[in-house]
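Heads up, the sequence shown is in full-length UniProt numbering, so the first residue is 1 and it goes up one at a time.
Each residue gets a CB set at the ideal place from its N, CA and C atoms; glycine is no exception.
This report concerns only the one structure given below.
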Amino acid sequence: MGLAKRIIPALDIKNGQVVKGISFDQIRAVDDPVALAKRYQEMGADELVFLDITATIEGRATMKSVVDQVSKEIFIPLTVGGGIRSLDEMTSLIQAGADKIFLNSAAVKDPSLVTAGAQIFGAQAMVGAIDAKWDPVNGFYRVYVSGGTKPTELDASNGRKSWFRLALGSCW
1 MGLAKRIIPA LDIKNGQVVK GISFDQIRAV DDPVALAKRY QEMGADELVF
51 LDITATIEGR ATMKSVVDQV SKEIFIPLTV GGGIRSLDEM TSLIQAGADK
101 IFLNSAAVKD PSLVTAGAQI FGAQAMVGAI DAKWDPVNGF YRVYVSGGTK
151 PTELDASNGR KSWFRLALGS CW
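Here is the structure:
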């Protein structure tokens with residue numbers, strides 16, 4: 001028996017709107033997140049992911065008001081990420097209706113944040129996101145942070161293994 005297939009749309013959010021671009025370039029607004037979330041649920045999505053693509057770079061909290069609005073309209077799990085740097089921000093998003101928290105830069109910079117989040121919300125609520133690009137000089141996939149703009153010294157395959165030891169429920 002094979003693995004079950006799940007449909008999990010991941011939507012990029014900027015300034016409260018779903019956006020589309022090519023490699024985070026030529027970004028344009030395409031739809032309202034509430035309307036699109038409802039449409040994906042109606043089409044049979046198993047879960048939905050919202051990523052605030054500029055929250056980390058802009059140094060601001062992620063889109064709590066969008067999460068609050070969407071969670072009142074859909075009844076499938078909602079994972080939220082982008083710019084989350086503290087337990088207080090995680091708590092705020094969970095209280096607004098997020099089921100899972102998506103961490104990238106914060107998890108790389110402070111792995112204890114993942115462990116602390118898992119202790120409070122459960123490992124199933126913690127999702128790790130790894131941005132990686134091939135490093136031809138060193139021959140490995142290098143982990144990047146800050147929306148894929150800043151390289152680290154981490155090898156993505158090693159990073160993924162160590163992240164699961166931190167109590168992540170899943171890793172993208």
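Collapsed DSSP secondary structure at residue 153 in the structure displayed:
By one-based count along the sequence shown, residue 153 stands at place 153. Residue 153 falls in the strand class under three-state DSSP.
For residue 143, report the span of its beta strand (DSSP E) as first-last.
Position 143 of the sequence shown, counted from the start, is the residue given in the question as residue 143. Annotation for residue 143: the continuous beta strand (DSSP E) segment containing it runs 140-145.
How would you write the range of the alpha helix (DSSP H) that residue 108 sits in, first residue to last?
Translated into positions along the sequence shown, residue 108 becomes position 108. Start and end: 105-109.
How close, in whole Å, do the beta carbons of residue 19 and residue 27 come, if the pair is a contact with beta carbons under 8 Å?
Stepping through the sequence shown from its first residue, residue 19 is reached at position 19. Stepping through the sequence shown from its first residue, residue 27 is reached at position 27. Indeed they touch by this definition, with Cβ atoms about 5 Å apart.
CB residue 48 to CB residue 37, shorter than 8 Å?
Stepping through the sequence shown from its first residue, residue 48 is reached at position 48. Stepping through the sequence shown from its first residue, residue 37 is reached at position 37. Residue 37 sits close to residue 48, with the two beta carbons spaced by under 8 Å.
Cutting at 6 Å between CB atoms, please list the residues of its own chain near residue 98, excluding the five before and the five after it.
Walking along the sequence shown from the start, residue 98 turns up at place 98. Taken in chain order, the residues that qualify are 67, 78, 80.
When you compare the CB of residue 5 with every CB in chain D, is at least one pair closer than 8 Å?
Among the protein chains of the structure shown there is no chain D, as only one such chain exists.
Do residue 101 and residue 123 count as a contact pair if the criterion is CB distance below 8 Å?
For the purposes of this step, residue 123 is identified with residue 123 of the sequence shown, where counting begins at 1. For the purposes of this step, residue 101 is identified with residue 101 of the sequence shown, where counting begins at 1. If you check the CB distance, residue 123 and residue 101 do not come in under 8 Å.
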